[in-house]
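In what follows, a single structure is set out as structure tokens and then discussed.
Numbering (full-length UniProt numbering), first residue to last: 1 to 134.
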């Protein structure tokens, strides 16, 4: 019941902010109290943010490139899809299909950013209470 009241408070706040900026929504097109929402290729529920299972199936069905010169960065280079490229492609598909669940943030306190960088790239992760947020 506490979560429902909290959610109701969030809805009232959002509707108030929209009204202040003269933005309105057609209530016949709105849905409230949903346990799960699909948005931009992701599923958002009480556990967090997941990749949409339909997107995962589409990735699993990707075929290896046969003659794809659009992947080449130089015109003088011949397209050669060898074992190393195939292994990298399959690993990429596997990693995309096993993406971890992103947790939903709880409030606005105790966020931690972990960063790492090298001459070739950089990475960062936003965490809260030992859960990955972004």
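Quick reminder that beta carbons are idealized off the backbone N, C-alpha and C, glycines included. Bear in mind the structure is a predicted one, so any value in this text is a computation, not a measurement.
Roughly how many whole angstroms lie between the Cα atoms of residue 107 and residue 101? 19 Å
Rounded Cβ spacing between residue 124 and residue 113 (contact assumed at less than 8 Å): 6 Å
How long is the line joining the alpha carbons of residue 52 and residue 46, rounded to whole angstroms? 15 Å
Nearest by alpha-carbon distance to residue 104: which of 93, 119, 129 and 20 is it? 129
Chain-order list of residues whose beta-carbon lies under 6 Å from that of residue 99 (same chain, five-residue window excluded): 51
Rounded to whole angstroms, what's the CA-CA distance from residue 95 to residue 49? Just pull it up for me. 16 Å
Can you name, in chain order, every residue of its own chain whose Cβ lies under 6 Å from the Cβ of residue 41, other than the five neighbours on each side? 52 and 55
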